[in-house]
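S.K.: Next up is a structure, given as structure tokens.
Next up, the structure:
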């Protein structure tokens, strides 16, 4: 069975939920503390052993490429000033993975963005990681999904329970559970209304996909929002071969959501040795002060 060696990160979106901050910079480059969001996603893939990364970019995204490229001038400056810790950090960004780029010329949806990756991926299974979903370092979600793929040789979706009011924000899964946290996907529907949703189990931004998904994408008509939906391709694939959903809890932030962005920043900072203790003390003091107001 072919191991998953490659990951695809769609990064061509306009980031309208974070305007005006994303007017002149990619949403993927918004910082969580001292690292851009997309770096956390790539580090997550690297922790599982995936080091061949394809980023699907679009117009105005050159700063992503610059971030992961060598900066000879910066490295020389840091070395000449004896800033060796900082030099190590910037070199690690370049060296941690083999990163490739393809442009999605037209914003035709997530399914279209994944289809753009076909030539690079070839006839292999691959992971898709959405940049809006940040996983805490302690969350083994992707590693668990890869183990399920190794066991069954089929596509695996990450899934979590959401409120009925929120199902219209996600692809919604009709599950048939085969284990406590593992279900076969009977169908998956993109952004259903709460009353038409098959469950409250939502597919979120981590996928391990077999290459047959490209055939499904080629035959799709535009779906919700007039876009080519990855959810529709996975639904078609699930009618032809087994597709699994791994249900997880916690350790995930949707940083396209402003409140989750703040939560992710705080949680990452609390887990840092250089920041955590002082931040906890300040947060406790802040809560007490606000109680008095």
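In my numbering, the protein residues as written are 30 to 322.
Yeah, the Cβ is synthetic: ideal placement off N, Cα and C, and Gly gets one too.
Can you tell me which residues form a DSSP beta bridge with residue 34?
M.R.: None; residue 34 has no bridge partner.
S.K.: Distance, Cα to Cα, residue 307 vs residue 298?
M.R.: Straight across, the Cα-Cα distance linking residue 307 with residue 298 is about 10 Å.
S.K.: Cα-Cα, which of 57, 241, 275, 215 is closest to residue 209?
M.R.: 275
S.K.: Assuming residue 36 and residue 82 make a contact with CB atoms under 8 Å, what is their CB distance in whole Å?
M.R.: 5 Å
S.K.: Mind checking whether residue 282 and residue 163 have CB atoms under 8 Å apart?
M.R.: yes
S.K.: To the nearest angstrom, how far is it from the Cα of residue 271 to the Cα of residue 309?
M.R.: 46 Å
S.K.: Return the Cβ separation of residue 84 and residue 128 in integer angstroms, given the expectation that the two are a contact with Cβ distance under 8 Å.
M.R.: 6 Å
S.K.: If you pair each beta-carbon of the region 186 to 199 with each one of the region 241 to 252, do three or more pairs fall below 8 Å?
M.R.: no
S.K.: Looking only at its chain, what residues have a beta carbon closer than 7 Å to the beta carbon of residue 178, apart from the 5 residues adjacent to it on each side?
M.R.: 33, 154, 185, 237
S.K.: If you follow the beta strand (DSSP E) that residue 232 is in, where does it begin and where does it stop?
M.R.: 230 to 238
S.K.: Answer yes or no: do residue 219 and residue 182 have a C-beta to C-beta separation smaller than 8 Å?
M.R.: no
S.K.: Is it right to say residue 57 is buried, meaning 16 or more other beta carbons lie within 10 angstroms of its own, or is it exposed?
M.R.: buried
S.K.: Which word fits residue 90, buried or exposed, when buried means at least 16 other C-beta atoms lie within 10 angstroms of its C-beta?
M.R.: buried
S.K.: To the nearest angstrom, how far is it from the Cα of residue 145 to the Cα of residue 80?
M.R.: 19 Å
S.K.: Taking only the alpha-carbon atoms, compute the straight-line gap between residue 317 and residue 311 and give it to the nearest angstrom.
M.R.: 10 Å
S.K.: Assign residue 75 to one of three DSSP states: helix, strand, or coil.
M.R.: The answer is helix: DSSP assigns residue 75 an H, G or I state.
S.K.: Could I get the ranges of all uninterrupted alpha helix (DSSP H) runs contained in the region 40 to 118, with 4 residues as the minimum, in chain order?
M.R.: 66 to 76, 91 to 97, 101 to 109
S.K.: Taking only runs of the alpha helix (DSSP H) that begin and end inside the region 149 to 216, which ones reach a length of at least 4 residues, in chain order?
M.R.: 170 to 181
S.K.: Check the C-beta distance from residue 233 over to residue 214 and give it rounded, since I have them as a contact under 8 Å.
M.R.: With 8 Å as the limit, residue 233 and residue 214 do not qualify as a contact, their Cβ atoms being about 14 Å apart.
S.K.: Write down the C-beta distance between residue 235 and residue 174 rounded to the nearest angstrom, noting that I regard them as a contact closer than 8 Å.
M.R.: 6 Å
S.K.: Note down, one range per segment and in chain order, each beta strand (DSSP E) of at least 3 residues found wholly within the region 246 to 304.
M.R.: 272 to 276, 281 to 283
S.K.: Measure the CB-CB distance between residue 137 and residue 256 and report whether it falls below 8 Å.
M.R.: yes
S.K.: Do you know how far the Cα of residue 70 is from the Cα of residue 39?
M.R.: 11 Å
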